[in-house]
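830 is the number of the first residue of the sequence shown in the working numbering; add one for each residue after it. Here a beta-carbon is modelled for each residue, glycine too, at the ideal position from N, C-alpha and C.
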Amino acid sequence: MDMVGHNTLVVLLGATALGMAAGMVGCFMVLRRRALVSDALSHATLPGIVAAFLTGMALGVEGRSLPLLLIGAAISGAVAVATIQAIKRWTRLTEDAAIGAVLSVFFGAGVVLLSVVQELPAANAAGLKGFIFGQTAAMRTGEALGLGALALLAAIMVWLFFKEFRLLAFDEGFARAAGWPTGRIDLALMALVTLVTVVGLQTVGLVLIIALLITPAATARFWTDDLSRMLIIAGGVGAVSGGVGAVLSARFADLPAGAVIVLVATSLFFISLIIAPSRGLLGRSLRRARLRRALMAGELVG
């Protein structure tokens, strides 16, 4: 019983930390309308993961070594983001077209490589599927501590570069005209997004990590127009989603934790969509009703 409680606590802390980090970093992706870039980045990690697995086998080391797989995912994701930027800069294609092309090519290459690995007689690719759909329940203490360090690093980075990230999110053209190094600022932001994405792969999987990056930030946007408050709310929504999802998956053993975490985040999004005072559907309806009553009262008086 103590062991079960310990494992649940490890998963709870790790998932909460990941949700907090993803929520904060995702705010800047939402404000910059770069949700699709995050999607491409997460899917583009698959060929890197499988290539790292094959490299480990060729070198005679454990192919499913977590550091090796994460390094492969980071390299593949970074190459994908750089490719998107190069296509956007050197061709007439729009960013969404470049994202679609890169996402399709990288994910397709990853699926092909994965099928090759599964056909190898000596290969055991069972651990690779955890990166596709997530493997939260198998989280170890060291991994949870790593996610805690990630959340701390994300908070420190956002605090240190708050002014730069805010300027890039709201008026990149002005920042460039004013002489700010927008390219390097964007590179730092994308490096942080890549780090959160890669580290979160084993928790929720490459298919669902995009939801954990974008949904808490989109939820926070319903509640405030202030970026500082948005970061706090998004981090809180992400943390609650991770924590509640981990507890529910531990309570009901057949539920996949990654999917439950995303469903909790989505539920909070729809609740905010309805009840948020300024941007929610209910708040807008009430304001319109008050406006109609005021107009009718004015006409009656007139």
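When the options are compared against residue i, the one with the closest alpha-carbon
i, options, result
"Gly834", "Ala1075, Arg1108 and Ala1004", "Ala1075"
"Ala1147", "Gly889, Met849, Ile961 and Arg863", "As shown, the chain starts at 830 and ends at 1131. That puts residue 1147 outside it, with no answer to give."
"Leu847", "Leu898, Ser1070, Phe1099 and Arg1013", "Ser1070"
"Leu1056", "Leu1124, Phe991, Phe935 and Gly977", "Phe991"
"Phe1098", "Leu1042, Ala1086 and Ala1123", "Leu1042"
"Phe994", "Val934, Ile1038, Arg861 and Met968", "Arg861"
"Ala1020", "Ala1126, Ala909 and Phe935", "Ala909"
"Pro876", "Arg863, Arg1122, Ala887 and Leu899", "Leu899"
"Met968", "Gly929, Pro1085, Leu1115 and Ser1096", "Pro1085"
"Arg863", "Ile928, Val1073 and Leu922", "Ile928"
"Gly855", "Leu1124, Ile1038 and Arg1122", "Ile1038"
"Met986", "Thr884, Ile1014, Leu974 and Asp1000", "Ile1014"
Secondary structure of residue i, DSSP reduced to three states
i, result
"Pro1045", "helix"
"Leu841", "helix"
"Ala980", "helix"
"Leu1084", "coil"
"Val987", "helix"
"Val1066", "helix"
"Leu974", "helix"
"Phe1051", "coil"
"Met858", "helix"
"Gly1112", "helix"
"Val1093", "helix"
"Ser1107", "coil"
"Gly963", "coil"
"Asn836", "helix"
"Arg1122", "helix"
"Val1073", "helix"
"Leu847", "helix"
"Leu1037", "coil"
"Arg969", "coil"
Presumed contact (8 Å Cβ cut-off) between residue i and residue j, rounded CB distance
i, j, result
"Asp868", "Leu932", "7 Å"
"Gly1160", "Ser1101", "As shown, the chain starts at 830 and ends at 1131. That puts residue 1160 outside it, with no answer to give."
"Phe857", "Ala998", "5 Å"
"Phe1051", "Ala1105", "4 Å"
"Val839", "Thr970", "5 Å"
"Ala1004", "Thr1011", "5 Å"
"Leu895", "Ala881", "Not confirmed; about 10 Å, so no contact."
Residue i - containing alpha helix (DSSP H), residue span
i, result
"Asp925", "Glu924 to Glu948"
"Phe882", "Ala864 to Leu888"
"Arg1013", "Thr1011 to Val1033"
"Ala911", "Leu895 to Trp919"
"Ala1004", "Glu1001 to Ala1006"
Beta-carbon gap between residue i and residue j smaller than 9 Å
i, j, result
"Ala984", "Ala850", "yes"
"Ile1053", "Val1066", "Residue identity differs from the one stated: residue 1053 is Thr in this sequence, not Ile. No, these two residues do not count as a Cβ contact at 9 Å."
"Ala1079", "Ala966", "yes"
"Ile913", "Val866", "yes"
"Gly906", "Ala1046", "no"
"Leu996", "Trp1009", "yes"
"Asp1091", "Leu870", "A small correction: the amino acid at residue 1091 is Val; Asp does not occupy that position in the sequence shown. For Val1091 and Leu870, no; Cβs fall outside 9 Å."
"Gly977", "Gly889", "no"
"Thr874", "Ala911", "no"
"Val1033", "His872", "no"
"Thr837", "Ala1068", "no"
"Leu1030", "Gly939", "no"
"Val810", "Leu1060", "Lying before the first or after the last residue shown, residue 810 is absent from the chain, which here runs from 830 to 1131."
"Val879", "Val934", "no"
"Gly1072", "Leu922", "no"
"Leu949", "Leu982", "no"
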